[in-house]
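All letters in the sequence shown, in the order written, are residues 95 to 452 by the working numbering.
We put the CB at the ideal spot given by N, CA and C, even for glycine.
For reference, the structure is listed below as structure tokens.
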Amino acid sequence: MPKLFVRLLVLALLLPCGTRADTAPALPACGSLDPIRLFGIGREAPRRCAAGGERHYAPRHGGLGYALLDIESAACFVPDASYALLDEIVDEAAAAVRPLLAASDGEITRAFALQASRTIGDLLAAKGFRLHTPTVTLGDALAARSAPGTPARHWMDCDTSGFIYLTIAENLQLPLALVEITTANGEHDYLRWTLADGGRLEWDSNGRAACVTPAGLPPFEGRTMTRDNVLGEVYALRAHLYRQRGETAAAAQDLLRAVALYPESPRASNNFAWLVATQPFAGRERYFAAAVAEATRAAGLQRSATHLDTLACAQAAQGDFAAAVATEGEAVALDDRKVYRERLARLRERRDCTGARD
């Protein structure tokens, strides 16, 4: 019997059956899980947005989620009850997770990360959180969606639930981060634990299960986001609130903040350039050069038809129609959709993109 075959046979017999490669369960790709069976769908009320208010409640905790609520409140006031609910969630999660950490001797093992993630997911479900896509902001997620005297009910989606997980982790000094990808259904966020052995565990908070990062992502996706990156994402969300209120200049400023905090992603750059190139507002002209620069950066990170279309519109806003026509021609070559062909015809007539819809 060949020596190599004997060695392989002995190794196979020594391996516990649960660790053999042919029997190990494959984890699903992050973003592919079905969360509806776990959380149900929230449809109880329209999204919440108050123009202003007075703060009376002093939160007991700090950290990311509270900073996000403060940022949001400048455009869409978050009531005291939402801060109080976040305090309640942090308290209950800490009480449940600390014993798990003690049982693992303070080590962030795979088993601990799984248990902690499940525990937080179970807590949110027990507190009435249901899936609603999109739930735009953390304030939206923490808003009450049920009538007085009825069981508590709240909305959440991948990023707003992720913000809650991160707030709990920050208060417990646990190594948890957010990850962003694009799936067939759109943008998706999930969570990543850094384990003591140098490995990692990824957790889909919508599907309440471990997962793996899909292959073949562009370089700016699937990466571990920093705290600043998350803040940048939240400023981009606040820009959406300002736009809904007709405060376009404020939205443009927030998108520039988002770019500064999350430069690894092209999204805020593209959204800023599109806003400036298509929406009339006071002082718009002073942003034209920045719009071309940010659209160029977005197209450099990902040379997609969408990003090239934005760049063409930014170039047209600045009056460079020759460059705009060439850029839009490249967009059409990548994607022959009617909207891009019509834009190319418009640019050839030396008409910019003002008034174009998102």
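Contact check, A333 vs A354, beta carbons under 8 Å: Numbered from 1 along the sequence shown, position 239 holds the residue referred to as residue 333. Numbered from 1 along the sequence shown, position 260 holds the residue referred to as residue 354. Going by C-beta atoms, A333 is not nearer than 8 Å to A354.
Does the segment 269-289 come close enough to the segment 314-321 to have 3 or more Cβ pairs within less than 8 Å? Result yes; three or more Cβ-Cβ pairs closer than 8 Å.
What do you get for A425, buried or exposed, if any count of 16 or more other CB atoms within 10 angstroms of its CB means buried? By 1-based counting over the sequence shown, the position of residue 425 is 331. It counts as buried.
Secondary structure at A139, three-state DSSP: helix, strand or coil? The residue you call residue 139 lines up with position 45 of the sequence shown. Because the pLDDT of A139 is 48, which lies under 50, any placement of that residue in the model is unreliable, and the number read from its coordinates should be weighed accordingly. Reduced to three states, the DSSP call for A139 is coil.
Where does L268 sit, in a helix, a strand or coil, going by DSSP? Numbered from its first residue, the sequence shown carries residue 268 at position 174. In the structure shown, L268 sits in coil (DSSP, three-state: anything other than H, G, I, E or B).
Taking 8 Å as the cut-off, does the segment 171-179 touch the segment 148-162 (at least 3 CB pairs, one atom from each stretch)? In short, these stretches touch, since the Cβ pair count reaches three.
In whole angstroms, what separates the C-alpha of I165 from that of E341? Residue numbering aside, residue 165 sits at position 71 when the sequence shown is read from its first letter. Residue numbering aside, residue 341 sits at position 247 when the sequence shown is read from its first letter. When rounded, the distance between both Cα atoms is 16 Å.
Given 8 Å as the limit, is there contact between the segment 291-299 and the segment 182-196, that is, 3 or more CB pairs closer than that? Here the segment 291-299 does not lie against the segment 182-196, with fewer than 3 beta-carbon pairs under 8 Å apart.
Any contact of the segment 370-377 with the segment 406-413, i.e. 3+ C-beta pairs under 8 Å? Contact between the segment 370-377 and the segment 406-413 is present, because at least three Cβ pairs lie under 8 Å.
C-alpha distance - L236 paired with G423, whole-angstrom precision: Numbered from its first residue, the sequence shown carries residue 236 at position 142. Numbered from its first residue, the sequence shown carries residue 423 at position 329. So the two alpha carbons sit approximately 45 Å from each other.
Going by the DSSP bridge assignment, what does D283 pair with across the sheet? Taking the sequence shown and counting its residues from 1, the one referred to as residue 283 is at position 189. Answer is E274, bridged to D283.
Residues sharing a beta bridge with A304, DSSP: Here residue 304 refers to the residue found at position 210 of the sequence shown. Looking at the DSSP output, A304 shares a beta bridge with W297.
Using a 10 Å radius around the Cβ and a threshold of 16 neighbouring Cβ atoms, would you call T117 buried or exposed? Within the sequence shown, numbered from 1, the residue matching residue 117 stands at position 23. At T117, the pLDDT of 43 sits below 50, so the modelled position is not reliable and the matter cannot be decided from this model.
Do you know whose CA, among A290, D216, L232, lies nearest G200's CA? For the purposes of this step, residue 200 is taken as residue 106 along the sequence shown, with counting starting at 1. Comparing Cα positions, the closest option is A290.
Since I believe T229 is in contact with W249 (beta carbons under 8 Å), could you give me their beta-carbon distance rounded to a whole number of angstroms? Translated into the one-based positions of the sequence shown, residue 249 becomes position 155. Translated into the one-based positions of the sequence shown, residue 229 becomes position 135. Contact between W249 and T229 is confirmed by a C-beta separation of about 4 Å, below the 8 Å threshold.
Under a three-way DSSP split, which group does T244 fall into? By one-based count along the sequence shown, residue 244 stands at place 150. T244 falls in the coil class under three-state DSSP.
So the alpha helix (DSSP H) F415 belongs to, where does it begin and stop? Translated into positions along the sequence shown, residue 415 becomes position 321. Taken as a continuous stretch (DSSP letters only), the alpha helix (DSSP H) holding F415 covers 415-428.
Taking only three categories from DSSP, how would you classify L225? Residue numbering aside, residue 225 sits at position 131 when the sequence shown is read from its first letter. In the three-state reduction of the DSSP assignment, L225 falls in the strand class, which pools E and B.
Output the distance between the C-alpha atoms of V386 and A406, rounded to the nearest integer angstrom. Numbered from its first residue, the sequence shown carries residue 386 at position 292. Numbered from its first residue, the sequence shown carries residue 406 at position 312. Whole-angstrom Cα-Cα distance: 9 Å.
Work out the CA separation of R204 and T448 for me, nearest whole Å. For this step, residue 448 is matched to residue 354 along the sequence shown. For this step, residue 204 is matched to residue 110 along the sequence shown. Spanning the two alpha carbons is a distance of roughly 52 Å.
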